[in-house]
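A.B. asks: Please read through the structure below; I'll follow up with questions.
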Amino acid sequence: MTPVWRRELRRILYLLILAVGCGYYYFGKPLEALCLMMGIYISWQWLQLYRLHRWLDQGQTTVLPRTLGIWGSIFTENQRLQQSSIKHQQRLQAIINRIQDSTAALQDSVLMVDATGALEFWNQAAQNYLGLRSPVDIGQPITNLIRTPEFKAYFDKADYHEPLTIRSPINPRIYLQFNITLFGRKDRLILVHDVTRLKQLEEMRKDFVANVSHELRTPLTVISGYVETMQAASEMLPPRWGRMLQQMSEQSHRMENLLKDLLMLSRLETGENEQAQPVALQPLLEAIRRDAASLSSNKHTLSLSIDHDQKLMGFYNELRSAFSNLVFNAVKYTPEGGHVKLHWYSEGGKGYFSVTDNGIGIAHHHIPRLTERFYRADPSRSIATGGTGLGLAIVKHVLLHHDGELQISSEEGKGSTFTCVFPGSRLSDTSAPGQ
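Under the working numbering, the first residue of the sequence shown is numbered -4, with each subsequent residue one higher.
Structure, rendered in structure tokens:
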């Protein structure tokens, strides 16, 4: 018990003793005097409660009431706590003002949306990019203000691992990238920045690759034709020209393969494809195995196993290119006498095509970058085998076009396994009706 409370109890005790003593000595009625004293004490307590309530209700705009005893301590402690709360609120408000000032200075848009999708806050850049109006749009569903179907689907899906890039709803010439982060109780923080320049550069790159590839095909075909003609008449040329013509032929064929891969990548990126069709996997994989056997010239053991005879909804030429790249790479990088296994199977509602070899393998630090364009784990060996450095990049883009992914596992000196994973929504059994 604190000293204040001890003094208050002593004060009450003294008043009771005084009331009993005075009532008995002067009036001969100690009980009535005790009741009178208790009534006065209770009335005084109610008066202090009223003064405290009025002071709190006025928001501490008046002078702190003066009183005695325990109530003086209560008034003082309330004033101290409220002054501390005011200082804390001022600090929080200063932080909020600083955050709002900093977000207002950002060139990127910042928006806060509650769990129901209603707008709570945005900065000036959001008004410029998205056409938001303050305070009219506060509390409005963001999907009513950004009416692009792609954005509504992206927002409702709540899978924000990858950003969304769409045109600005108020300026179609501007491309905006949306990055959404969940926090709190499914509230959302949305960052939007202008990627128009990056989009233009990407389009320029795609157009450049496509145009250059097309433009180089004709002169390269002419050069290859003349080289082949000169090789056919090599007996009429000096002997030393034979090696020169052979090297020219090899390099022209390598350039043709490079252009073919670049054109394939260009088509994949621009989406220039026909409607997806069911692709029978067994004849496709058997044809690829035969092509790989021809490439191997019977120097390797190739096996194909198909656990489920299925069809894959997709694009035949793309799938053939992707699967062939994996199988041909396995043949090229597996020493003579090695084994290459092709395997199609279903598991967990998904389809898998794996290519396993017991070749030279790949160092672990190379694996994350294998699907980059022109990346080679061993440049000298890739050149010797005629590789362009684009094969796995093509595989990656084909799988993305088919909602799939590429999984790679490898160990140096023990071989590698490349696995294409497809969602079950793209699979169907060949025995199903109508297939």
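All residues carry an ideal CB built from backbone N, CA and C; glycine is no exception.
Evaluate Gln305 with the Cβ neighbour count: other Cβ atoms within 10 Å of its Cβ, from every protein chain shown; 16 or more gives buried, anything less gives exposed.
C.D. replies: By the neighbour-count rule (16 or more Cβ atoms within 10 Å), Gln305 is buried.
A.B. asks: What are the start and end residues of the beta strand (DSSP E) that includes Gln270?
C.D. replies: Careful: Gln270 lies outside any beta strand (DSSP E) and carries neither H nor E.
A.B. asks: Would the region 147 to 157 and the region 58 to 78 be scored as touching if the rule is three or more Cβ pairs under 8 Å?
C.D. replies: No: fewer than three Cβ pairs fall under 8 Å.
A.B. asks: Are the CB atoms of Leu258 and Leu314 within a distance shorter than 8 Å?
C.D. replies: Not in contact: Leu314 and Leu258 (Cβ atoms no closer than 8 Å).
A.B. asks: Which residue wins for smallest C-alpha separation from Gly346, given the options Glu3, Pro136, Asn324 and Leu401?
C.D. replies: The candidate whose alpha carbon is nearest that of Gly346 is Leu401.
A.B. asks: Of all the options Asp132, Phe318, Thr296 and Arg1, which has the alpha carbon lying nearest to the alpha carbon of Gly332?
C.D. replies: Selected option, being the one with the closest Cα: Thr296.
A.B. asks: State the Cα-Cα distance for the pair Ile357 and Ser405, rounded to the nearest angstrom.
C.D. replies: If you take the alpha carbons of Ile357 and Ser405, they lie about 6 Å apart.
A.B. asks: Please classify Ala110: is it buried, with 16 or more other beta-carbons within 10 angstroms of its beta-carbon, or exposed?
C.D. replies: When all chains shown are included, Ala110 counts as exposed.
A.B. asks: Can you tell me the Cα-Cα spacing of Gln226 and Gln272, whole angstroms?
C.D. replies: Taking the straight line from one Cα to the other gives about 43 Å.
A.B. asks: Given Arg46, which residues of its chain have a CB within under 6 Å of its CB, disregarding the five upstream and five downstream residues?
C.D. replies: Cβ within range, chain order: Pro60.
A.B. asks: Quick test of the definition: if touching needs 3 or more C-beta pairs under 8 Å, does the region 337 to 356 touch the region 405 to 422?
C.D. replies: Short answer: they touch.
A.B. asks: Give me, in chain order, the residues of the same chain whose beta-carbon lies closer than 6 Å to that of Asn353; leave out the 5 immediate sequence neighbours on both sides.
C.D. replies: These residues qualify, in order along the chain: Gly333, His334 and Gly410.
A.B. asks: With DSSP collapsed to three states, give me the class of Glu223.
C.D. replies: Reduced to three states, the DSSP call for Glu223 is helix.
A.B. asks: Of the choices Asn123, Pro164, Phe116 and Thr160, whose alpha-carbon is the least far from that of Asn139?
C.D. replies: Checked all of Asn123, Pro164, Phe116 and Thr160; the closest Cα to Asn139 is Pro164.
A.B. asks: Could you please give the first and the last residue of the uninterrupted alpha helix (DSSP H) stretch that includes Arg180?
C.D. replies: Segment: none, Arg180 is in no alpha helix (DSSP H) and carries neither H nor E.
A.B. asks: Taking buried to mean at least 16 other C-beta atoms within 10 Å of its own C-beta, is Asp52 buried or exposed?
C.D. replies: Label assigned to Asp52: exposed.
A.B. asks: Note down the Cα distance separating Leu11 from Ala28, rounded to an integer number of angstroms.
C.D. replies: Taking the straight line from one Cα to the other gives about 9 Å.
A.B. asks: For the region 54 to 131, list the alpha helix (DSSP H) runs that are entirely contained and at least 4 residues long, ordered along the chain.
C.D. replies: Listed in chain order, they are 64 to 100 and 119 to 125.
A.B. asks: Give the DSSP bridge partners of Gln307, in chain order.
C.D. replies: Checking the sequence, you will find Leu at residue 307 rather than Gln. Bridge partners of Leu307: Val274 and Leu422.
A.B. asks: Pull up the CB-CB distance for Pro130 and Ala113, whole angstroms please, since I reckon it's below 8 Å.
C.D. replies: The pair is not a contact, with the Cβ atoms about 13 Å apart (cut-off 8 Å).
A.B. asks: Hey, out of Thr329, Glu407 and Leu171, whose CA is closest to His360's CA?
C.D. replies: Comparing Cα-Cα distances from His360 to each of Thr329, Glu407 and Leu171, the minimum goes to Glu407.
A.B. asks: Quick one: what's got a C-beta closer than 6 Å to Thr176's C-beta in the same chain, skipping five residues either side?
C.D. replies: Hits under 6 Å: Leu184.
A.B. asks: Quick one: what's got a C-beta closer than 8 Å to Val432's C-beta in the same chain, skipping five residues either side?
C.D. replies: Residue 432 lies beyond the stretch modelled for the chain, which goes from -4 to 430, so this question has no answer here.
A.B. asks: Just the C-alpha distance for Tyr124 and Met107, rounded to the nearest angstrom, thanks.
C.D. replies: For Tyr124 and Met107, the distance between alpha carbons rounds to 15 Å.
A.B. asks: With three or more C-beta pairs closer than 8 Å as the rule, is the region 310 to 324 touching the region 236 to 252?
C.D. replies: Contact fails: fewer than three Cβ-Cβ distances are below 8 Å.
A.B. asks: So what does Pro136 bridge to, in DSSP terms?
C.D. replies: Pro136 pairs with Ala113.
A.B. asks: State the start and end residues of the unbroken beta strand (DSSP E) segment that holds Phe369.
C.D. replies: Per DSSP, Phe369 belongs to no beta strand (DSSP E) and is neither H nor E.
A.B. asks: Could you check whether Ser104 and Ala89 sit closer than 8 Å to each other, using their CB atoms as the reference points?
C.D. replies: No, Cβ-Cβ distance for Ala89 and Ser104 is not below 8 Å.
A.B. asks: Hey, would you say Ser219 sits closer than 8 Å to Ser261, going by beta carbons?
C.D. replies: Contact: no.
A.B. asks: Taking all protein chains shown into account, decide if Ile81 is buried (16 or more other Cβ within 10 angstroms of its Cβ) or exposed.
C.D. replies: Flag for Ile81 reads exposed.
A.B. asks: By how many angstroms is the C-alpha of Asp132 removed from the C-alpha of Ser79?
C.D. replies: Their Cα atoms are separated by approximately 36 Å.
A.B. asks: Let me see if you follow: with CB-CB separation under 8 Å, is Ser420 close to chain D or not?
C.D. replies: Of the protein chains in this structure there is only one, and it is not chain D.
A.B. asks: Using only the alpha-carbon positions, how far apart do Gln122 and Leu422 sit?
C.D. replies: Whole-angstrom Cα-Cα distance: 45 Å.
A.B. asks: Going by DSSP in three states, Lys336 sits in which element: helix, strand or coil?
C.D. replies: Reduced to three states, the DSSP call for Lys336 is strand.
A.B. asks: Does Ser375 come out as helix, strand or coil in the three-state DSSP assignment?
C.D. replies: At Ser375 the pLDDT is 49, less than 50, meaning the model places this residue with poor confidence; the figure from the coordinates comes in the next sentence. Ser375: helix per DSSP, three-state reduction.
A.B. asks: Hey, how far is the Cα of Asn320 from the Cα of Leu127?
C.D. replies: If you take the alpha carbons of Asn320 and Leu127, they lie about 49 Å apart.
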